[in-house]
């Protein structure tokens, strides 16, 4: 009989965060890098909810809502920036984009 | 046994979706992989007694945020090949170095704790249920100030998105 403990959930969260980090490093398309940021944010959310179960407090679940709102705001602004850059340069590759360089 | 099944199957889908996100070539496939990850995470949340968060995850993440992603993917075109030439010299080397560094740090922590597959702090499981009324009574009593600040953040983000998308050149031509 194997019991599912808190460590299993934390392991899943760390694996998810690592996959997101690796994707952030190896992809060059700005949209896919955004998706990898979402993966990492979700790994953190999973950690929060695991802590909520582990310690028996509800505050961690409230913190997840704040992470959700920040992620939504970040996606809105980031995608608007990608679209406005794409209108000028016809590419979403982060290596080619140099318009914010001083 | 039921616990194990309820953990293992959604976890496999979470990791499979995450791998699709980083390895698929077509951006639409990437976003579908992200939907798979987010929906499976909602199942994991339900097994962790966070039912309301699971519902919000499905509605906000798998619904609204992913719609926005797909909308932008359709807008800027899916048939563009991703640039594969290295523009920054030594980037692969730097990435590999960072990954080896992080991996060795993790290995150090695991080996140092003597493979003790247990948390350092004891569990105090009151088996709370993340129902809407419990979350609301916490959010609107102890967390009111962050709640108000986050509303300002949302307004700023919405204004910024409008300001970025507003095309002054074409507007002048219309006038």
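Chains as they are written, first to last, in my numbering: chain A, 1 to 102; chain B, 103 to 277.
The C-beta atom is built at its ideal place from N, Cα and C for all residues, glycine as well.
Residue i, enclosing alpha helix (DSSP H) - first and last residue
| i | result |
| --- | --- |
| residue 250 (chain B) | 246 to 267 |
| residue 38 (chain A) | 30 to 55 |
| residue 111 (chain B) | 104 to 125 |
| residue 152 (chain B) | Run containing residue 152 (chain B): none; DSSP gives neither H nor E here. |
| residue 202 (chain B) | 193 to 214 |
| residue 71 (chain A) | 59 to 89 |
| residue 173 (chain B) | 168 to 178 |
| residue 6 (chain A) | 6 to 26 |
| residue 161 (chain B) | Counting along the chain, residue 161 (chain B) falls outside any alpha helix (DSSP H), and DSSP gives it neither H nor E. |
| residue 239 (chain B) | 234 to 241 |
Length of the line joining the Cα atoms of residue i and residue j
| i | j | result |
| --- | --- | --- |
| residue 26 (chain A) | residue 123 (chain B) | 12 angstroms |
| residue 154 (chain B) | residue 213 (chain B) | 38 angstroms |
| residue 81 (chain A) | residue 37 (chain A) | 16 angstroms |
| residue 232 (chain B) | residue 254 (chain B) | 26 angstroms |
| residue 141 (chain B) | residue 62 (chain A) | 20 angstroms |
| residue 46 (chain A) | residue 75 (chain A) | 19 angstroms |
| residue 251 (chain B) | residue 17 (chain A) | 27 angstroms |
| residue 23 (chain A) | residue 126 (chain B) | 11 angstroms |
| residue 86 (chain A) | residue 73 (chain A) | 20 angstroms |
| residue 116 (chain B) | residue 173 (chain B) | 23 angstroms |
| residue 164 (chain B) | residue 136 (chain B) | 8 angstroms |
| residue 111 (chain B) | residue 230 (chain B) | 24 angstroms |
| residue 201 (chain B) | residue 194 (chain B) | 11 angstroms |
Selected residue, minimal CA-CA separation from residue i, among the options
| i | options | result |
| --- | --- | --- |
| residue 264 (chain B) | A:83, A:55, A:45, A:2 | A:83 |
| residue 39 (chain A) | B:142, B:120, B:255 | B:120 |
| residue 41 (chain A) | A:86, A:6, A:3, A:15 | A:15 |
| residue 54 (chain A) | A:7, A:74, A:13 | A:7 |
| residue 208 (chain B) | A:11, A:51, A:3 | A:11 |
| residue 236 (chain B) | B:152, B:138, B:191 | B:152 |
| residue 175 (chain B) | A:74, A:21, A:91 | A:91 |
| residue 160 (chain B) | B:170, B:143, B:149 | B:143 |
Is the number of C-beta pairs between the region 130 to 143 of chain B and the region 61 to 69 of chain A that are closer than 8 angstroms three or more?
no
Output, in sequence order along the chain, the residues in the region 113 to 132 of chain B whose CB is closer than 7 angstroms to any CB in chain C.
Among the chains of the structure shown, chain C does not appear; the protein chains present are A and B.
When the Cβ atoms of the region 29 to 36 of chain A are set against those of the region 54 to 63 of chain A, are three or more pairs found closer than 8 angstroms?
no
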